[in-house]
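>
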Amino acid sequence: MFVKTIRLVTILAAFAAMGTCAFPSSAFAGETTAETNAVAIDTVWVLIAAFLVFFMQPGFAMVETGFTRAKNAANILMKNLMDFSIGSIAFWLIGFGIMFGTTAFGLFGTNGFFLSSANPSTADGQWQFAFWMFQVVFAATAATIVSGAMAERTKFPAYLFYSFFICALIYPVVGHWIWGNGWLASKGFIDFAGSTVVHSVGGWAALAGAILVGPRLGKYNKDGTSNAIPGHNMPLAALGVFILWFGWFGFNAGSTTSGTNLSIATIAVTTNLAAAAGAITAMFTAWFRFGKPDTSMALNGALAGLVGITAPCACVSPLSAIIIGAVAGTLVVLSVEFIDKVLHVDDPVGAISVHGICGAWGTLSAGLFAEAAYGQSSGVGAVNGLFFGGGLSQFITQLIGVLSIFAWVFGTALILFYVLRKTVGLRASDEDQLKGMDISEHGMESYAGFQIFTTE
Amino acid sequence: MFVKTIRLVTILAAFAAMGTCAFPSSAFAGETTAETNAVAIDTVWVLIAAFLVFFMQPGFAMVETGFTRAKNAANILMKNLMDFSIGSIAFWLIGFGIMFGTTAFGLFGTNGFFLSSANPSTADGQWQFAFWMFQVVFAATAATIVSGAMAERTKFPAYLFYSFFICALIYPVVGHWIWGNGWLASKGFIDFAGSTVVHSVGGWAALAGAILVGPRLGKYNKDGTSNAIPGHNMPLAALGVFILWFGWFGFNAGSTTSGTNLSIATIAVTTNLAAAAGAITAMFTAWFRFGKPDTSMALNGALAGLVGITAPCACVSPLSAIIIGAVAGTLVVLSVEFIDKVLHVDDPVGAISVHGICGAWGTLSAGLFAEAAYGQSSGVGAVNGLFFGGGLSQFITQLIGVLSIFAWVFGTALILFYVLRKTVGLRASDEDQLKGMDISEHGMESYAGFQIFTTE
Amino acid sequence: MFVKTIRLVTILAAFAAMGTCAFPSSAFAGETTAETNAVAIDTVWVLIAAFLVFFMQPGFAMVETGFTRAKNAANILMKNLMDFSIGSIAFWLIGFGIMFGTTAFGLFGTNGFFLSSANPSTADGQWQFAFWMFQVVFAATAATIVSGAMAERTKFPAYLFYSFFICALIYPVVGHWIWGNGWLASKGFIDFAGSTVVHSVGGWAALAGAILVGPRLGKYNKDGTSNAIPGHNMPLAALGVFILWFGWFGFNAGSTTSGTNLSIATIAVTTNLAAAAGAITAMFTAWFRFGKPDTSMALNGALAGLVGITAPCACVSPLSAIIIGAVAGTLVVLSVEFIDKVLHVDDPVGAISVHGICGAWGTLSAGLFAEAAYGQSSGVGAVNGLFFGGGLSQFITQLIGVLSIFAWVFGTALILFYVLRKTVGLRASDEDQLKGMDISEHGMESYAGFQIFTTE
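Those protein sequences? They're chains F, V and A, same order as listed. In this text, residue positions in the first sequence follow the working numbering: the first is 932, and each later residue adds one. In this text, residue positions in the second sequence follow the working numbering: the first is 932, and each later residue adds one. In this text, residue positions in the third sequence follow the working numbering: the first is 932, and each later residue adds one.
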């Protein structure tokens, strides 16, 4: 009567002797047809892609931990755990409905909260569950980007509130505009897997947060120069980048939300080539500017390439993907330097550059490199970008989207962090920063027994 | 004639020019039908799920390593490697047949040893291989739980014997009772993915082992108070928890053993929400009790939520999943404290609480929260728990199962570890514990070159 | 008009209320049939397998980092990032065409460069993309093996040139001979997933490189004895091995390039059992020879078992897989000792033994253990090896392949590294080795803040 016994029912004569590991019977009784199989293939694909995107969480956690100091490791890990956990609940309660509910004026959704309309007895209901699973990990990806930029000096309670609001409200509104029948969707804005929806949202929120929390103690000198504060664990950071690259295959190719859409193959290829190109150009850019091929810059270059290709991955050729990734890899090095040395915004892991700047670049690049042959088969549509005879119109649409999302996210995040600063408090005291956030916020050490010299 | 040449045969005209990367031909020649595709979808799903569950091995290894001291890292890693390796051989030789062979009196299986009945020339035979692959990683999961609870003071050779016996005998008997047409299966006991079959088995064996091996040197004072012995690497522990969460999607959703069973979608959702809820409540519980939000407790809370939802994941709603996970997250914090401070059983990583206690809770919770609409579509059956109008009967069945499994596992594990203590020896000498198990048992250091201060 | 809006079109009445997360529509419009579903299953399987094989990159990176010294970590990580990145571009530009293009005299392919023949508008074109994705991660696996053997003393720029040439030329030629309609393919040589094509190629190139770059400073004494230079991070090394094991399921079972070929199940089982057996016998071999069960040897034993089973995984029984893995596990320990103490070739991570020697063993083992029942269903063909009544002929074919590939790879790699030594320079100066490659080549530390005592 129960699942394992169903599983055990002897369906096939060949199993009669042993009697236990027979083929499972399908749950939704009825004929097996090509159509039911196609639904199963899509569901399996979307879920596996969702699991891969979930796995990007430890990718972010390891990158952020590796690029910051040992005394703040448990804090950044805890933030990564909590933005996903709180984000999951917030997206279930509110966010998903705001993002995918029936639109109100193209601005936000109005129903579908806490999966209320998903009926587990129907294939449609199960699809809603699968779709939700795929979407919640995207929401949490947007959320988790911010912890890196605000690392090493942000109070933990403030971060919990932030996690709730970005997944319940700030992110879902953007998602609705672009993926949820909102006003940008109806303009033909292209953001296949979320260079803007996910990465720029995270990047612009990170920018607002980093500005309002201020730089880490000891980051900037009185004469305006900046001190490098090296991260404490390059193997973790590299592991994190490789994990992100791995998860990104789910992020981009999963965004067909269909395994029967064969363009998942092209998407995997463009994703991989852009990442490779980004790593290479970031390495050479750093080499030329700083005299040595810095490992952390090359790692960020791979991420930059991935962020860049996320919007156009389903509508550009492999060669265009390489160019898009290569530009992103160069851009991220210059942007990290600019944000640090010119803007004096302290972003310990380069999150604003990787996700915000390269997310914008990637989104715009769709207006330049899109080719109808690619976009048509993936479902993006038969669009040609500026470089392929399509004129400026798609690029302008992309630009409108990039700017609108910047305005919404940067604006609301500024308000959010400002309110948090005035209420629960945003910035850890100098003393707490000196001791490290692990001791001051969590009462623990991350590397008990190791001899560690902490800077500042 | 060989596979790559088969792969290369030019099937499609479009490939004639290039001639090499044609579509593969199916091995089991014959017509492609909806039925053969359904078998393929199920096989692909079960194997990918099995790979994800395999990946939980490094999850456990990292958690256990991170939560213990640097001087014992190579030892705990080796135990994790060996319980899987020896467990794989033991389960192939004996365990699988005991678990899924034709039942003798509902107590144990009697055939199917070393995959003898699996004929690779048939689809049925291949299904046996796929099913075995899925089951062996479950067996090894039960096995690997114990190394954490007995960490830092258990002799390595004893652990090798233990690994063999749990995968050959102790675990498969439980598996037979519940998943292999045994007596609990016929009572309608619900344990969809193994809160009891896997996690409680590991947890109760860990309890027996931790009792018999005794506490680590320096853990308890003469006045009965307990010393905290902090783990040495929080990033590894956090990475391990994220890896486990990732693998758990395969563990739970894979337990349909069918990708055409669309309830894999609900299962993924309930699994994720319970984990998120567990992390959150564990954090707050620790915060209230200890004054700070301890990162390691929140990490264990996520695991607690996952263990809890494992039994009922396929028969409860998302909201119930959140409640089940939230209770588990609170429970694990209280249980860790109780086992340490009241029972004085030294469990360095909290394995008994996470897997034993929360496994029991999760199993019982199926009797409280089950809803027919969910269970029916997944194959659990149209069961309603106490809170949904089903009365007490399912809860009582669950309780009988929990208690029976406790009796069997705790009893046999006590005997096993007692015999090992009297023969090969169970507990490392004080001197060896002081030097660390890495030096004393394996003649090596885990962190050569790092300055490490070891406690005790 | 764009993808997310397509995704949002309300196809099903049940979704009308919410209107947003309807089933995706297939991109290649037309009827859904059993045949289109089979293509989708194969594509999904090959891509997921490719992602798993990609994930072996951090596996190698962590193993190599863990088994070497802290002062060289950022360097080895960067090499792992760059061999994949440069390798991806090289394989796209040149390698794939050399490997799978129309053959010239059975020696190399002549078309298909930079995916020029893949048309995204057709299912065939998408298959080419999927196939390329699967192949590029194999090429990069061959490439990445070398960095471990040449670790801690090889100049970074030389490694970049090497990465290009192995993925553009040396590896693809081997691939063409065996998997691309080349002369070994037509002889019936069996190398299902690449014991020779991938692992021996990496291993023999590593041998050439390690010879030409010379041993690390301080590795060998004047009296000919050898000093152990312990790795700095066993948890990372163990994590790397588990990641590799995980990825190997994609490597071997993915090599059907078909999810509708049910022998993916047998392949997963043989792969797993061989790895387990290799870990166990390596542990015991080390125990007998050195007095203690060395963790790093057991880890290498698991890899040895995996490398060994890679060629025969689809044509041998589970029992044979265990034997093949067990032999590999013993062999790797003896080989590591022989190469170090007798040949005086300095291979910090044992890559030559794991990939070269065990790759050769695995390839030969197919000629001994192949059974028609297994090979027939997977597509290898109805071959019986020497131990199953097939006589010596298959073994001899295997031997010819092993020797030919050794000659080609060792020869060309010697030339390549010799030219690099004479031009860009191959070996880091003694001073740079003392400082560590991280400082000297990349201007950074991997573990800022940690107190580290570097040997030599």
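In this text, a Cβ means the ideal position worked out from N, Cα and C, and glycines have one as well.
1) How many whole angstroms separate the CB atoms of Ala1235(F) and Val1273(F), which I take to be in contact at a CB cut-off of 8 Å?
2) Indicate whether the contact test is met: 3 or more Cβ pairs, each with one atom in the region 1312-1332 of chain A and one in the region 1164-1175 of chain A, closer than 8 Å.
3) Report the rounded CA-to-CA distance for Trp976(V) versus Ser1284(F), giving the unit in angstroms.
4) So which residues of chain F does Thr974(A) contact, with C-beta pairs closer than 7 Å?
5) Apart from the five residues just before and just after Leu908(F), which ones in its own chain have a Cβ nearer than 7 Å to its Cβ?
6) Relative to the C-alpha of Ser1131(F), which residue among Ala1035(F), Phe1069(F), Leu1008(F) is closest?
7) When you compare the CB positions of His1286(F) and Ala1379(A), do they come within less than 7 Å of one another, or not?
8) Output the residue ranges of the alpha helix (DSSP H) runs that lie fully inside the region 1047-1085 of chain F and measure 4 residues or longer, sorted by chain position.
9) When you compare each of Thr1188(V), Leu1175(V), Phe1182(V), Pro1249(V) to Phe986(F) by their alpha carbons, which one comes out closest?
10) From Thr1328(V) to Gly1119(V), what does the alpha carbon distance come to, in whole angstroms?
11) Using DSSP's beta-bridge definition, name the partner residues of Ile1383(A).
12) Please determine if the region 1369-1383 of chain A and the region 1355-1373 of chain F are in contact, where contact requires at least 3 C-beta pairs separated by less than 8 Å.
13) Got a sec: is the Cβ-Cβ distance from Phe1381(A) to anything in chain F below 7 Å?
14) Measure the Cβ-Cβ separation of Cys1098(V) and Ala1080(V) and say whether it is below 7 Å.
15) Looking at the structure shown, is Ala971(A) part of a helix, part of a strand, or coil, going by DSSP?
16) If contact means a Cβ-Cβ distance below 8 Å, which residues of the region 1130-1146 of chain V contact chain F?
17) Could you check whether the Cβ of Phe1368(F) sits closer than 7 Å to any Cβ belonging to chain V?
18) Any chance the region 1043-1061 of chain F sits against the region 1022-1031 of chain F, with 3 or more Cβ pairs inside 8 Å?
19) Give me, in chain order, the residues of the same chain whose beta-carbon lies closer than 7 Å to that of Gly1391(F); leave out the 5 immediate sequence neighbours on both sides.
20) When Cβ atoms are compared, which residues of the region 1154-1173 of chain A fall closer than 7 Å to chain V?
21) Which residues bound the alpha helix (DSSP H) around Ile1370(V)?
22) Could you tell me the alpha carbon to alpha carbon distance between Ala1049(V) and Gly1293(V), rounded to whole angstroms?
23) Ordered along the chain, which non-local residues of its own chain (more than five positions away) have a Cβ less than 6 Å from that of Cys952(V)?
24) Where does Arg1220(A) land, buried or exposed, given buried means 16+ other C-beta within 10 angstroms?
25) Is there a Cβ from chain V that is less than 7 Å from the Cβ of Gly1190(A)?
26) What residue range does the alpha helix (DSSP H) around Asp1014(V) cover?
27) Since Asn1164(A) is in the alpha helix (DSSP H), which residue starts that stretch and which ends it?
28) Just grab the DSSP bridge partners of Ala1035(V) for me.
29) Considering only their Cβ atoms, is the gap separating Ala969(V) from Asn968(F) smaller than 7 Å?
30) I'd like to check one pair, Ala1242(A) with Val1228(A): are the Cβ atoms closer than 7 Å?
31) Less than 7 Å separating the beta-carbons of Ile1253(F) and Ala1303(F)?
32) Only counting the same chain, and skipping five residues up and downstream in sequence, which positions put a Cβ closer than 6 Å to that of Ser1251(V)?
33) Who are the Cβ neighbours of Asp1271(V) in its own chain at under 6 Å, not counting the five residues just before and after it?
34) Would you list, in chain order, the members of the region 1212-1229 of chain V that have their beta-carbon closer than 8 Å to a beta-carbon of chain F?
35) Going along the chain, which residues of its own chain have a beta-carbon closer than 7 Å to the beta-carbon of Ala1233(F), five neighbours each way excluded?
36) Quick one: complete alpha helix (DSSP H) runs, 4+ long, within the region 1315-1371 of chain V?
So, to answer that:
1) Within the first sequence, numbered from 1, the residue matching residue 1235(F) stands at position 304. Within the first sequence, numbered from 1, the residue matching residue 1273(F) stands at position 342. Contact flag wrong, Cβ pair sits at about 19 Å.
2) no
3) The residue given as residue 976(V) occupies position 45 in the second sequence. The residue given as residue 1284(F) occupies position 353 in the first sequence. Near 38 Å, if we compare the C-alpha coordinates of Ser1284(F) and Trp976(V).
4) As a first step, residue 974(A) must be located in the third sequence, where it is residue number 43. Under the 7 Å cutoff, chain F gives Leu1193, Ile1195, Ala1196.
5) One cannot answer for residue 908(F) here, as it falls past the ends of chain F, which runs 932 to 1387.
6) For the purposes of this step, residue 1131(F) is taken as residue 200 along the first sequence, with counting starting at 1. Comparing Cα-Cα distances from Ser1131(F) to each of Ala1035(F), Phe1069(F), Leu1008(F), the minimum goes to Phe1069(F).
7) The residue given as residue 1286(F) occupies position 355 in the first sequence. The residue given as residue 1379(A) occupies position 448 in the third sequence. Not a contact, by the Cβ cut-off of 7 Å.
8) 1054-1080
9) Here the question's residue 986(F) lines up with position 55 in the first sequence. When only C-alpha atoms are compared, the closest one is Leu1175(V).
10) Within the second sequence, residue 1328(V) is the residue found at index 397, counting from 1. Within the second sequence, residue 1119(V) is the residue found at index 188, counting from 1. Spanning the two alpha carbons is a distance of roughly 7 Å.
11) For the purposes of this step, residue 1383(A) is identified with residue 452 of the third sequence, where counting begins at 1. In DSSP, Ile1383(A) forms a bridge with Phe1381(V).
12) no
13) Here residue 1381(A) corresponds to residue number 450 of the third sequence, with the count starting at 1. By this cut-off, Phe1381(A) is an interface position.
14) Working through the second sequence from its first residue, we reach residue 1098(V) at position 167. Working through the second sequence from its first residue, we reach residue 1080(V) at position 149. Contact: no.
15) The sequence position of residue 971(A) within the third sequence is 40, counting from 1. If DSSP states are grouped into helix, strand and coil, Ala971(A) belongs with the helices.
16) none
17) Taking the first sequence and counting its residues from 1, the one referred to as residue 1368(F) is at position 437. Per the sequence shown, the amino acid found at residue 1368(F) is Met instead of Phe. No - not a single Cβ of chain V is within 7 Å of the one on Met1368(F).
18) yes
19) The structure shown does not extend to residue 1391(F), since chain F spans only 932 to 1387, so no value can be given for it.
20) Pro1161, Gly1162, His1163, Asn1164, Met1165, Pro1166, Ala1169, Leu1170, Phe1173
21) Translated into positions along the second sequence, residue 1370(V) becomes position 439. Its alpha helix (DSSP H) spans residues 1368-1373.
22) On the second sequence, position 118 is the one that residue 1049(V) refers to. On the second sequence, position 362 is the one that residue 1293(V) refers to. In a straight line, the C-alpha of Ala1049(V) is about 34 Å away from that of Gly1293(V).
23) Working through the second sequence from its first residue, we reach residue 952(V) at position 21. With a pLDDT of only 49 at Cys952(V), under the threshold of 50, the placement of this residue in the model should not be trusted; the figure read from the coordinates follows. Excluding residues within five positions, none has a Cβ falling inside 6 Å.
24) Mapped onto the third sequence, residue 1220(A) falls at position 289. Exposed: under 16 other Cβ atoms inside 10 Å.
25) For the purposes of this step, residue 1190(A) is identified with residue 259 of the third sequence, where counting begins at 1. By this cut-off, Gly1190(A) is an interface position.
26) Numbered from 1 along the second sequence, position 83 holds the residue referred to as residue 1014(V). Element bounds for Asp1014(V): 1004-1021.
27) Residue 1164(A) sits at position 233 when you count from the first residue of the third sequence. Premise fails: Asn1164(A) is in no alpha helix (DSSP H) and is neither H nor E.
28) On the second sequence, position 104 is the one that residue 1035(V) refers to. Phe1039(V).
29) The residue labelled residue 968(F) in the question sits at position 37 within the first sequence. The residue labelled residue 969(V) in the question sits at position 38 within the second sequence. In contact: Asn968(F) and Ala969(V) (Cβ atoms closer than 7 Å).
30) As a working mapping, residue 1228(A) is identified with position 297 in the third sequence. As a working mapping, residue 1242(A) is identified with position 311 in the third sequence. Residue identity differs from the one stated: residue 1228(A) is Met in this sequence, not Val. Their beta carbons are not under 7 Å apart, which means Met1228(A) does not touch Ala1242(A) by this criterion.
31) As a working note, residue 1253(F) is residue 322 in the first sequence. As a working note, residue 1303(F) is residue 372 in the first sequence. No, Cβ-Cβ distance for Ile1253(F) and Ala1303(F) is not below 7 Å.
32) Residue mapping note: residue 1251(V) aligns to position 320 of the second sequence, counting from 1. So the qualifying residues of the chain are Phe1300.
33) The residue given as residue 1271(V) occupies position 340 in the second sequence. So the qualifying residues of the chain are Ser1157.
34) Met1214, Phe1221, Gly1222, Lys1223, Pro1224, Asp1225, Thr1226, Ser1227, Ala1229
35) Sequence index remark: in the first sequence, residue 1233(F) carries index 302 (1-based). Excluding positions up to five away in sequence, the list reads Val1172, Trp1176, Ala1206, Gly1209, Ala1210.
36) 1324-1353, 1361-1366
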